[in-house]
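This report refers to the structure that appears directly beneath it.
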Amino acid sequence: MLGYVLRRVTIMIPTLLIISIISFVIIQLPPGDYLTSYAAQLRTMGDIVQQEEIDALRQRYGLGQPVYVQYFKWISGIILRGDWGQSMEWQKPVRDLIWERLALTMVLSGVSILVSWFIAIPIGVYSATHQYSIPDYILSIISFVGVGTPGFMLALVIMYVAMTAFGLNVGGLFSQEYLAAPWSWAKVVDMLKHLWIPVLIIALGSTAGSIRTTRANLLDELNKPYVETARAKGLPEGRLVWKYPVRVALNPFFSTVGWSLANLISGETLVSVVLSLQTIGPMMLRALTSQDMYLAGSFLLLLSTMTVLGTLISDILLAWVDPRIRMEA
Amino acid sequence: MKRKVTRREFVRLSVVVSAGLVSACAKPAPTEVPQPTKAPVKATEAPTVAPTAVPEVPKEAPMLAELVKQGKLPPLQDRLPKNPWVAPVAESVGKYGGTIRRAFRGVSDRWGPTKLGDRGLAWFDRNLVMQPRILESWEVSEDAKVWTLHLRPGMKWSDGTPFTADDFVWSYENEWTNTDINPAPPGAYTTGSPRVMMAIEKVDDYTLRYKFAHPNPLFIYKVGRGGVPTPGHYMKQFHINLVDDKDALQAAAQKAGFNSWSEYYVDRNWWYMNPDKPSVMPWLAKNKLSEELFIMERNPYYFAVDPEGNQLPYIDKVTHRLFETPEVLNLWVTNGEIDFQARHMSMANFTLYKENEAKGGYKVFVGKSAGHLAMNINHTTKNKRLREFFQDRRVRIALNLAINRDEINELVFDGLYTPRQYSPLSMSPQYYPKASNAYIEYDPDKANQLLDEAGYTEKDAQGFRKWKDGSGEIISFTFEGTADTGTPDADAAEMVSKYLADVGIKATYKFVERSLYEEHYNANEIEAAWWGGDRTVVPLAPEAPIFRGTMIDRPWACAWGRWLADPSHPAAEEPPADHWIRKIWAYWDQISQEPNPDKQNELFFKILDIWAEEVPMLGVLGEAPAPIIVKNGFRNYLEGMPIDDTTGDEHLLNTETYFWEEPEKHV
Chain E
13 MLGYVLRRVT
23 IMIPTLLIIS
33 IISFVIIQLP
43 PGDYLTSYAA
53 QLRTMGDIVQ
63 QEEIDALRQR
73 YGLGQPVYVQ
83 YFKWISGIIL
93 RGDWGQSMEW
103 QKPVRDLIWE
113 RLALTMVLSG
123 VSILVSWFIA
133 IPIGVYSATH
143 QYSIPDYILS
153 IISFVGVGTP
163 GFMLALVIMY
173 VAMTAFGLNV
183 GGLFSQEYLA
193 APWSWAKVVD
203 MLKHLWIPVL
213 IIALGSTAGS
223 IRTTRANLLD
233 ELNKPYVETA
243 RAKGLPEGRL
253 VWKYPVRVAL
263 NPFFSTVGWS
273 LANLISGETL
283 VSVVLSLQTI
293 GPMMLRALTS
303 QDMYLAGSFL
313 LLLSTMTVLG
323 TLISDILLAW
333 VDPRIRMEA
Chain C
31 MKRKVTRREF
41 VRLSVVVSAG
51 LVSACAKPAP
61 TEVPQPTKAP
71 VKATEAPTVA
81 PTAVPEVPKE
91 APMLAELVKQ
101 GKLPPLQDRL
111 PKNPWVAPVA
121 ESVGKYGGTI
131 RRAFRGVSDR
141 WGPTKLGDRG
151 LAWFDRNLVM
161 QPRILESWEV
171 SEDAKVWTLH
181 LRPGMKWSDG
191 TPFTADDFVW
201 SYENEWTNTD
211 INPAPPGAYT
221 TGSPRVMMAI
231 EKVDDYTLRY
241 KFAHPNPLFI
251 YKVGRGGVPT
261 PGHYMKQFHI
271 NLVDDKDALQ
281 AAAQKAGFNS
291 WSEYYVDRNW
301 WYMNPDKPSV
311 MPWLAKNKLS
321 EELFIMERNP
331 YYFAVDPEGN
341 QLPYIDKVTH
351 RLFETPEVLN
361 LWVTNGEIDF
371 QARHMSMANF
381 TLYKENEAKG
391 GYKVFVGKSA
401 GHLAMNINHT
411 TKNKRLREFF
421 QDRRVRIALN
431 LAINRDEINE
441 LVFDGLYTPR
451 QYSPLSMSPQ
461 YYPKASNAYI
471 EYDPDKANQL
481 LDEAGYTEKD
491 AQGFRKWKDG
501 SGEIISFTFE
511 GTADTGTPDA
521 DAAEMVSKYL
531 ADVGIKATYK
541 FVERSLYEEH
551 YNANEIEAAW
561 WGGDRTVVPL
571 APEAPIFRGT
581 MIDRPWACAW
591 GRWLADPSHP
601 AAEEPPADHW
611 IRKIWAYWDQ
621 ISQEPNPDKQ
631 NELFFKILDI
641 WAEEVPMLGV
651 LGEAPAPIIV
661 KNGFRNYLEG
671 MPIDDTTGDE
681 HLLNTETYFW
691 EEPEKHV
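Chain order of the listed sequences is E and C. FYI, the numbering for the first sequence is 13 to 341, going by this note's numbering. FYI, the numbering for the second sequence is 31 to 697, going by this note's numbering.
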């Protein structure tokens with residue numbers, strides 16, 4: 013087991029390096045650079061920007077240099093000094109920007125995932141054990157609608173309803189008066205008042221899918237001989253279902269931890285953009301469109317690291333949860 | 031037309047009235063109100079006012095009066111210059127207090143807070159003529175090479191340090207001419223090509239002389255939002271040449287995440303990233319713009335007073351809140367959470383804003399944007415047949431006459447625009463009706479006749495005209511733009527396309543992504559563009575780049591404009607020796623030597639004569655309305671003002687004079 017983990021970790025290092033090169037090159041692929049997109053954006057708004065200012069900035073950010081020089085500057089900064097470079101758009105070290113938003117992002121996504129599992133698993137189990145009953149049909153319809161509704165659309169609708177019908181303050185995670193205030197009990201309460209909307213929207217999106225997965229997997233398991241045997245031996249139905257087939261049916265949840273980790277950081281991008289949440293998703297999206305390459309590159313690197321790490325964790329978890337899996341070479 | 035003249039008269043009148051108000055004051059007038067003179071060259075002869083002339087009873091914000099009482103702040107007369115700037119008020123003298131809530135899109139969108147707070151050496155009055163602001167007055171020499179600037183004695187930085195000629199000299203020596211900080215010298219202080227830096231001379235503590243190598247008559251426009259020196263007494267701690275411990279500075283720069291001291295210096299020099307840096311703005315940064323709520327609070331040393339001698343600004347605090355998408359901003363607007371904003375307000379949402387006026391407790395003011403809706407036909411396109419077509423004046427006139435501008439205005443824009451060519455706005459000092467109205471009437475018969483005269487007589491079965499080269503192919507070109515399908519601008523483009531088809535010309539509108547558009551015009555791979563022009567409020571200030579064809583993202587003279595800037599560029603091309611664009615350039619050369627503003631205007635009108643004659647673009651609509659959200663009870667900003675970069679967008683009328691009728695309700 014330990015040898016297996018070690019081997020996997022060693023492979024991760026070159027994988028990540030290659031990913032970093034590819035992502036850096038991809039960011040640079042569109043014509044122009046951050047400054048051309050910045051200048052163009054200003055011109056659309058009718059602002060006047062002097063060419064010498066652009067030239068000065070280009071020299072300052074080293075944008076005139078070849079791509080490989082820029083890449084080595086960036087990657088050596090990360091490896092040697094933990095310096096992720098400067099964001100051009102935010103005029104701030106990338107490290108600070110990511111840290112500022114990381115906690116809030118993790119809270120939001122973490123809570124959403126938990127809420128989603130909390131709703132999806134019992135419903136999925138109920139649906140499977142009561143297959144083709146009226147409640148199963150109703151729940152299936154609802155979850156199909158849920159799978160088909162894009163989160164950002166739901167966000168727009170909920171935001172509109174919350175504002176027009178209930179006069180709630182929407183957009184962002186805090187009311188304006190708490191934005192600049194230091195953390196306090198009142199600020200936490202204010203955050204919770206705002207948090208439920210995004211949590212609900214993000215959770216609902218994945219809940220529907222999870223219900224379907226749980227239901228389908230459990231249905232496969234319920235007909236297997238071991239269930240039959242357990243029932244024949246007189247195990248109460250509830251204990252039987254929860255203890256044996258459900259555990260097996262949950263395998264997909266563990267095998268997708270790999271994506272969930274990355275999702276923790278960027279899964280809520282569209283919803284966050286619509287709701288104006290100060291999380292990592294919207295910042296990454298903007299960094300990509302404005303070619304703010306150190307910021308965008310750092311995000312991509314972070315996400316790939318999370319995915320690679322997550323895959324490892326899910327492999328280990330699976331082996332632990334499911335005794336049928338063996339560690340061989 | 032008539033209505034606009036009345037408005038201008040009114041404006042003129044009200045300035046005179048407010049000037050009268052000052053002189054009628056029992057107290058000695060602090061200074062002359064800048065008269066709306068047409069000749070700012072001979073601005074006021076520095077009125078010598080004794081220190082006692084400052085109002086005996088200090089009039090200042092209650093929060094400052096409190097600080098004075100506690101001994102934490104010197105009394106008002108020690109904070110104001112001896113001869114403070116008297117900011118004209120648009121409506122009335124105001125009340126102290128309150129907050130303005132606004133929104134922004136992140137650090138790269140620093141322009142909202144920046145335009146609100148920037149104070150330059152001079153500024154526009156309501157006739158859009160430059161008047162002294164930080165300066166007490168200025169003079170320019172006959173050859174327009176030497177500018178003498180008079181500062182306001184007793185003016186202070188926001189930390190109480192005197193603001194003198196030494197600050198300018200310090201900035202000149204340590205910043206403007208320092209190639210680590212400014213790889214290219216700042217445009218405002220250079221002339222000629224290649225650029226030559228000016229020389230600076232300190233005459234006394236409050237008088238400076240800027241000496242340029244070439245005539246620089248438009249200099250004052252370049253310091254409307256700038257020209258302010260750096261507070262050397264603070265910034266010297268970040269300058270490698272001025273610190274004793276150079277290693278410590280390098281280490282500090284490294285620690286803050288910068289590669290060199292100069293990057294660190296530049297970062298510390300941004301007012302919105304460094305709340306500690308002293309400034310002369312009406313409000314000072316209280317935190318960094320990279321945060322979700324950017325807060326600005328009043329500058330206790332601000333150098334301006336209202337006509338009754340009350341220190342400005344009236345408003346205590348300005349906040350900018352970060353938003354990610356326009357939808358959220360719109361919800362904030364309709365919910366009454368935005369107090370005063372034009373930036374990011376789109377005409378496409380006009381109805382939404384209007385419908386929610388009562389609910390949100392605000393009014394939508396309509397200002398005039400500098401933008402025009404126009405087709406830039408590329409006279410220098412690489413397509414030879416098309417080039418011949420576009421360069422034929424009869425063709426350009428025909429294409430202009432083929433467009434039914436009134437119909438587009440009514441159908442797409444509810445009649446809110448004005449049919450006109452790309453030209454200075456009617457409120458502009460450079461307004462020239464002849465250019466605005468050239469060939470804007472709808473006359474398809476005349477258009478057909480002109481196209482026939484130009485030799486494009488052969489048509490195919492569908493009525494599309496064919497090229498003259500006998501290839502049998504029909505005339506067809508693409509005009510590209512960044513307005514996406516379904517937007518009003520794209521709808522208007524489709525209509526133009528239809529009108530041109532009616533006279534037998536196939537022009538297709540194509541939406542392109544912005545960076546692709548950039549690629550296209552940079553390589554002169556563009557046949558025509560659907561992007562009008564702005565810079566029409568005071569076109570002289572930004573040096574009329576679109577009228578000269580040198581701003582090639584409006585690519586009507588793409589390769590020629592490039593040639594003027596950089597003859598060696600692969601996409602550059604020299605215009606023919608007898609082409610009329612050379613006359614435009616020749617007139618501009620004269621303007622850039624002419625110190626007299628009236629003569630500058632006359633010469634500019636000659637350029638506009640050429641525009642009226644040659645109609646280089648297919649101008650469709652202009653005087654574009656721009657929505658400004660103004661919360662009820664917010665005063666001293668007027669409807670109908672220009673919304674343009676040159677004149678500071680919604681901040682033209684001196685933000686420091688804006689006030690709340692009931693400040694206590696807007697804390």
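Even for Gly, the Cβ is constructed at its ideal location relative to N, Cα and C.
Give a yes or no on whether 8 Å exceeds the smallest Cβ distance from residue i to chain C.
i: residue 60 (chain E); result: yes
i: residue 286 (chain E); result: yes
i: residue 104 (chain E); result: yes
i: residue 64 (chain E); result: yes
i: residue 191 (chain E); result: yes
i: residue 82 (chain E); result: no
i: residue 294 (chain E); result: yes
i: residue 282 (chain E); result: no
i: residue 41 (chain E); result: no
i: residue 76 (chain E); result: no
i: residue 14 (chain E); result: no
Which same chain residues end up closer than 6 Å to residue i when comparing Cβ atoms and leaving out the 5 residues on each side of it in sequence?
i: residue 51 (chain E); result: 61, 66
i: residue 535 (chain C); result: 505
i: residue 217 (chain E); result: 163
Among the options, whose alpha-carbon lies nearest the alpha-carbon of residue i?
i: residue 469 (chain C); options: C:508, C:175, C:423, C:482; result: C:423
i: residue 402 (chain C); options: C:648, C:540, C:683, C:293; result: C:648
i: residue 526 (chain C); options: C:336, C:586, C:437, C:484; result: C:437
i: residue 372 (chain C); options: C:289, C:140, C:132, C:199; result: C:132
i: residue 404 (chain C); options: C:130, C:615, C:429; result: C:429
Leaving out five residues on either side along the sequence, give the residues of the same chain with a beta carbon under 8 Å from the beta carbon of residue i.
i: residue 297 (chain E); result: 281, 285
i: residue 431 (chain C); result: 469, 471, 472, 473, 474, 476, 477, 480
Run down chain C in chain order and give the residues with a C-beta less than 9 Å from the C-beta of residue i.
i: residue 342 (chain E); result: Past the boundaries of the shown model lies residue 342 (chain E); chain E is included only from 13 to 341, so the question cannot be answered.
Please check the pair residue i and residue j, which I expect to be a contact at CB under 8 Å, by giving their CB distance rounded to whole angstroms.
i: residue 213 (chain E); j: residue 166 (chain E); result: 5 Å
i: residue 335 (chain C); j: residue 341 (chain C); result: 6 Å
i: residue 693 (chain C); j: residue 126 (chain C); result: 7 Å
i: residue 540 (chain C); j: residue 517 (chain C); result: Incorrect: roughly 14 Å between the Cβ atoms, too far for contact.
i: residue 510 (chain C); j: residue 542 (chain C); result: 5 Å
i: residue 248 (chain C); j: residue 573 (chain C); result: 7 Å
i: residue 102 (chain E); j: residue 136 (chain C); result: 7 Å
i: residue 610 (chain C); j: residue 407 (chain C); result: Not confirmed; about 15 Å, so no contact.
If you measure from the beta carbon of residue i to each beta carbon in chain E, is any gap under 8 Å?
i: residue 303 (chain C); result: yes
i: residue 250 (chain C); result: no
i: residue 455 (chain C); result: no
i: residue 314 (chain C); result: no
i: residue 355 (chain C); result: yes
So which residues on chain E does residue i lean against when the C-beta distance must stay under 7 Å?
i: residue 287 (chain C); result: 95, 98, 105
Skipping 5 residues on each side, what residues in its chain have a beta carbon closer than 7 Å to that of residue i?
i: residue 363 (chain C); result: 383, 390, 659
i: residue 642 (chain C); result: 464, 465, 468
i: residue 393 (chain C); result: 387, 660, 662
i: residue 325 (chain C); result: 316, 317, 347, 349
i: residue 701 (chain C); result: Residue numbering for chain C in the displayed model covers 31 to 697; residue 701 (chain C) lies beyond these limits and cannot be assessed.
Using a Cβ cut-off of 9 Å, pull out every chain E residue sitting near residue i, in sequence order please.
i: residue 544 (chain C); result: 49, 52, 53, 56
i: residue 376 (chain C); result: The contacting residues do not exist; residue 376 (chain C) stays about 11 Å from chain E at best.
Could you list which residues in chain C have their beta carbon closer than 7 Å to that of residue i, in chain order?
i: residue 158 (chain E); result: Chain C residues near residue 158 (chain E): none, gap ~23 Å exceeds 7 Å.
Residues of chain C with CB closer than 8 Å to the CB of residue i, please, in chain order.
i: residue 188 (chain E); result: 131, 323, 349, 351, 367
i: residue 290 (chain E); result: 322, 352
Identify the contact partners of residue i in chain B, using a Cβ-Cβ distance below 8 Å as the criterion.
i: residue 71 (chain E); result: Annotation note: the requested chain B is absent from the structure, which comprises protein chains E and C.
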